[in-house]
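Peer 1: Attaching a single structure in structure tokens format; questions to follow.
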Amino acid sequence: MSAPSRPALVVNPTSGKGRGWEYGKRARAALEEAGHDVLFVVEHTAEQAAKKARAMLEHDADSVVVVGGDGMVSLGLQLVAGTGIPLGVIPAGTGNDVARYLGLPLRDPDAAVAVVTAGHTDTFDLGRITGPGSPDPRWFGAVLACGLDSKVNERANRMRRPRGPSRYTIALLAELGPFSAIPFVLDGPDARLELDGMLIAVGNGPTYGGGMRICPQADPRDGKFQITAVDRVSKPTLLRIFPKVFSGRHVEHPKVRVLHAAAVDLSCRDEPGRPERTVSIWADGEWAGILPARIETVPGALRAYVRVAER
Numbered sequence: 001m002s003a004p005s006r007p008a009l010v011v012n013p014t015s016g017k018g019r020g021w022e023y024g025k026r027a028r029a030a031l032e033e034a035g036h037d038v039l040f041v042v043e044h045t046a047e048q049a050a051k052k053a054r055a056m057l058e059h060d061a062d063s064v065v066v067v068g069g070d071g072m073v074s075l076g077l078q079l080v081a082g083t084g085i086p087l088g089v090i091p092a093g094t095g096n097d098v099a100r101y102l103g104l105p106l107r108d109p110d111a112a113v114a115v116v117t118a119g120h121t122d123t124f125d126l127g128r129i130t131g132p133g134s135p136d137p138r139w140f141g142a143v144l145a146c147g148l149d150s151k152v153n154e155r156a157n158r159m160r161r162p163r164g165p166s167r168y169t170i171a172l173l174a175e176l177g178p179f180s181a182i183p184f185v186l187d188g189p190d191a192r193l194e195l196d197g198m199l200i201a202v203g204n205g206p207t208y209g210g211g212m213r214i215c216p217q218a219d220p221r222d223g224k225f226q227i228t229a230v231d232r233v234s235k236p237t238l239l240r241i242f243p244k245v246f247s248g249r250h251v252e253h254p255k256v257r258v259l260h261a262a263a264v265d266l267s268c269r270d271e272p273g274r275p276e277r278t279v280s281i282w283a284d285g286e287w288a289g290i291l292p293a294r295i296e297t298v299p300g301a302l303r304a305y306v307r308v309a310e311r
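In the UniProt record's numbering, the protein residues as written are 1 to 311.
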């Protein structure tokens, strides 16, 4: 596969304290120097950027290259999933969890651009979310989070400081106090689970939140998810479990359940005498709807630029 001749280069100028804009300019210069006709997309909202990039794909562009964090990667996935159009990623955010499993340089934009210009691609699975409460369909590359971790994600996205995984730790401490367990129902041909739980994470890839190994065995090329579910536990117990997520050893705790499945339906059971709960879904650090939802693995739905050694 040759490198793209007309990439749509989509830049988030605000990601990474302005790194997105700086990396975007460097990426554009490097791509043009390599002989590519770059279609430059710089917008301040994801909706505007997606609309402009989609129009370019319908007419001139033959690939998408995103510069930013997981939010920009998510935008790119919505554009190219299932199409065979290759996606390039220049990491410039704080999470970069999809970039991690793609094996891309995280802090070297020139090296990341070189991956694109080399033109080598590989295919990876994606998760697809459908349901009455989700943008239909919604694709994700790393992890879908539901429960306490989605609450933490919401708060962390509102926080300006600190950067990186420590932001999620602070958000967890803030959300833990008012949180109550959710009556989850997970159903599929390969897995069935009912629990009053703290969270459920559905992993296409192993990490979220900038390297936290919530689904440590998840492999985006094996055609199935790793699903991590945490039963109702006391707050002190959860605080003892949480630090182990950075190594993936939280799955050894008896209150943590691990399943593997290619497709599941996830919902929230009615609780007699209590109002219906609205439970948000977050995927790749972005809001992705509310329960109920169907979550499916789509093998090979992503074609991405990778280093030669990753093929």
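Ideal Cβ positions, reconstructed from N, Cα and C, are used throughout, including at glycine.
So, Val-65 versus Leu-9, is the Cβ gap smaller than 8 Å?
Peer 2: Taking the first residue of the sequence shown as 1, we reach residue 65 at position 65. Taking the first residue of the sequence shown as 1, we reach residue 9 at position 9. Yes, the Cβ-Cβ distance between Val-65 and Leu-9 is below 8 Å.
Peer 1: Buried or exposed: Arg-128, going by 16 or more other Cβ atoms within 10 Å of its Cβ?
Peer 2: For the purposes of this step, residue 128 is taken as residue 128 along the sequence shown, with counting starting at 1. The residue is buried, with at least 16 neighbouring Cβ atoms inside 10 Å.
Peer 1: At what residues does the beta strand (DSSP E) containing Glu-194 begin and finish?
Peer 2: By one-based count along the sequence shown, residue 194 stands at place 194. Counting along the chain, the beta strand (DSSP E) containing Glu-194 begins and ends at 192-203.
Peer 1: If you follow the beta strand (DSSP E) that Leu-9 is part of, which residue opens it and which one closes it?
Peer 2: Start at 1 with the first residue of the sequence shown, and residue 9 comes out as number 9. In the DSSP annotation of this structure, the continuous segment of the beta strand (DSSP E) that includes Leu-9 starts and ends at 7-11.
Peer 1: In whole angstroms, give me the CA-to-CA distance for Ser-267 and Pro-162.
Peer 2: The residue given as residue 267 occupies position 267 in the sequence shown. The residue given as residue 162 occupies position 162 in the sequence shown. So the two alpha carbons sit approximately 33 Å from each other.
Peer 1: Which two residues bound the contiguous alpha helix (DSSP H) that contains Tyr-23?
Peer 2: Sequence index remark: in the sequence shown, residue 23 carries index 23 (1-based). Looking at the DSSP string, the run of the alpha helix (DSSP H) that includes Tyr-23 is 19-33.
Peer 1: Assign Thr-237 to one of three DSSP states: helix, strand, or coil.
Peer 2: In the sequence shown, the residue the question calls residue 237 occupies position 237. The answer is helix: DSSP assigns Thr-237 an H, G or I state.
Peer 1: Given that a residue counts as buried once 16 or more other Cβ atoms are within 10 Å of its Cβ, and exposed if not, what is His-250?
Peer 2: Start at 1 with the first residue of the sequence shown, and residue 250 comes out as number 250. Classification for His-250: buried.
Peer 1: Rounding to the nearest angstrom, what Cα-Cα distance links Val-298 and Val-264 in this structure?
Peer 2: As a first step, residue 298 is located in the sequence shown; it is residue number 298 there, counting from the start. As a first step, residue 264 is located in the sequence shown; it is residue number 264 there, counting from the start. C-alpha of Val-298 to C-alpha of Val-264: approximately 13 Å in a straight line.
Peer 1: Starting from the C-beta of Glu-196, find all residues in its chain whose C-beta is less than 8 Å away, skip the five residues before and the five after it, and write them out in chain order.
Peer 2: Translated into the one-based positions of the sequence shown, residue 196 becomes position 196. In the sequence on display, residue 196 carries Asp and not Glu. If you ignore the 5 residues before and after Asp-196, its C-beta comes within less than 8 Å of the C-beta of Ala-181, Ile-182, Pro-183, Phe-184, Asp-231, Arg-232, all in its own chain and listed in chain order.
Peer 1: Measuring CB to CB, does Ala-61 end up less than 8 Å from Leu-39?
Peer 2: Indexing the sequence shown from 1 puts residue 61 at position 61. Indexing the sequence shown from 1 puts residue 39 at position 39. In this structure, Leu-39 lies closer than 8 Å to Ala-61 by Cβ.
Peer 1: Contact between the stretch 108-124 and the stretch 282-291 is defined here as three or more beta-carbon pairs at a separation below 8 Å; is this criterion met?
Peer 2: no
Peer 1: Tell me the residue span of the alpha helix (DSSP H) that contains Asp-97.
Peer 2: The sequence position of residue 97 within the sequence shown is 97, counting from 1. Start and end: 97-101.
Peer 1: With a 10 Å radius around its C-beta and 16 neighbouring C-beta atoms as the bar for buried, classify Thr-121 as buried or exposed.
Peer 2: Residue numbering aside, residue 121 sits at position 121 when the sequence shown is read from its first letter. The residue is buried, with at least 16 neighbouring Cβ atoms inside 10 Å.
Peer 1: Return the residue from the list Ile-200, Gln-48, Ala-301 that minimises the CA-CA distance to Val-256.
Peer 2: Within the sequence shown, numbered from 1, the residue matching residue 256 stands at position 256. Cα-wise, what sits closest to Val-256 is Ile-200.
Peer 1: Any idea what DSSP makes of Ser-180, helix, strand or coil?
Peer 2: In the sequence shown, residue 180 corresponds to position 180, counting from 1. In the structure shown, Ser-180 sits in coil (DSSP, three-state: anything other than H, G, I, E or B).
Peer 1: In the structure shown, what three-state DSSP assignment does Leu-148 receive?
Peer 2: Here residue 148 corresponds to residue number 148 of the sequence shown, with the count starting at 1. Looking at Leu-148 - three-state DSSP - the assignment turns out to be helix.
Peer 1: According to DSSP, His-260 sits in a beta bridge with which residue or residues?
Peer 2: Here residue 260 corresponds to residue number 260 of the sequence shown, with the count starting at 1. His-260 pairs with Gln-226.
Peer 1: So, is Glu-271 buried or exposed, given that buried needs 16 or more other C-beta atoms within 10 angstroms?
Peer 2: Within the sequence shown, numbered from 1, the residue matching residue 271 stands at position 271. Within 10 angstroms of the beta-carbon of Glu-271 lie fewer than 16 other beta-carbons, which makes it exposed.
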